[in-house]
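Engineer:
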Amino acid sequence: MLEVGRVTRPHGVCGDLVVILTTNRSERLDVGSVLTAADRELVVAHARPHKNSWIVGFRGVTDRLSAEALSGTVLRAVPLVDANELWVHELVGARVLDQDGVERGEVAKVVENPASDLLELDTGALVPLRFLTELVPTKRIVVDVPEGLFDIANNPTESAVGAADSGMPS
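Just add 1 to the spot in the sequence shown (first one is 1) and you have my numbering.
1) Near residue 107, which residues of its chain fall below 6 Å by C-beta distance, leaving aside the five closest residues on each side in sequence?
2) Distance, Cα to Cα, residue 70 vs residue 18?
3) Any chance you could list the beta strand (DSSP E) runs of at least 3 consecutive residues sitting entirely within the region 75-145, in chain order?
4) Which term fits residue 134, buried or exposed, when burial requires 16 or more other beta carbons within 10 angstroms of its beta carbon?
5) Pull up the distance between the alpha-carbon of residue 77 and that of residue 103, whole angstroms please.
6) Tell me, to the nearest whole angstrom, how far the beta carbon of residue 44 is from that of residue 98; I am working on the premise that it is less than 8 Å.
7) In whole angstroms, what separates the C-alpha of residue 163 from that of residue 90?
8) Alpha carbon to alpha carbon, how far is residue 147 from residue 166? Give it in angstroms, no decimals.
9) Kindly identify the DSSP beta-bridge partner or partners of residue 54.
10) Starting from residue 68, follow its DSSP beta bridges and name the residues at the other end.
11) Quick one: give me the first and last residue of the beta strand (DSSP E) that residue 4 is part of.
What follows is the structure, encoded as structure tokens:
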């Protein structure tokens, strides 16, 4: 199950909730969608955008008291199947090989970045996602990176010493 959102607070007295999505797939809140909160299944009865969040009603949540019980709850759902999308859960844990076949580490997490999301490897290296050339979900990622990209991650103290020797601030 993947985290897709979080309930922040009740909205009104009829059981509606304010939900912030942690996914860009708003179809997670389509009527009839099933989400899991802890060990409880919630079925979306209605949803509408509200500022930077959503007002959502779930079947069986019909008053403010039952809505308050869900405040702060993480919402999860099964992964969507879409061959045209890269999913974070398919990247984390995969081994990263460069264009020469050298293994560079394992993806520890994906970091959001305005220019390009970054693969953070267990070695500390950061690899822009745009350099990905091949993916075998959760197993292997091949990247075609510019020369020297991994040198900084492999020798961080050497880079700092070089900067200090050159008169540049480190």
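Just so you know, even glycine gets a beta-carbon here, dropped at the ideal spot from N, CA and C.
Structural biologist: In this structure, then:
1) Excluding residues within five positions, the ones whose Cβ falls inside 6 Å are 96 and 123.
2) For residue 70 and residue 18, the distance between alpha carbons rounds to 11 Å.
3) Secondary structure remark: continuous beta strand (DSSP E) runs of at least 3 residues inside the region 75-145, in chain order: 75-78, 96-98, 104-112, 119-122, 127-129, 133-137 and 141-144.
4) Under this definition residue 134 is an exposed residue.
5) Whole-angstrom Cα-Cα distance: 36 Å.
6) For a cut-off of 8 Å, the C-beta gap from residue 44 to residue 98 is around 43 Å, too long to register as a contact.
7) Annotation note: pLDDT 44 at residue 163 (below 50); position unreliable, coordinate value reported separately. Approximately 38 Å, taken between the alpha carbons.
8) The pLDDT assigned to residue 166 is 46, lower than 50, so where the model puts this residue is not dependable, and the model offers no usable value.
9) Paired residues: 51.
10) BP columns for residue 68 are empty, so no partner.
11) Looking at the DSSP string, the run of the beta strand (DSSP E) that includes residue 4 is 3-12.
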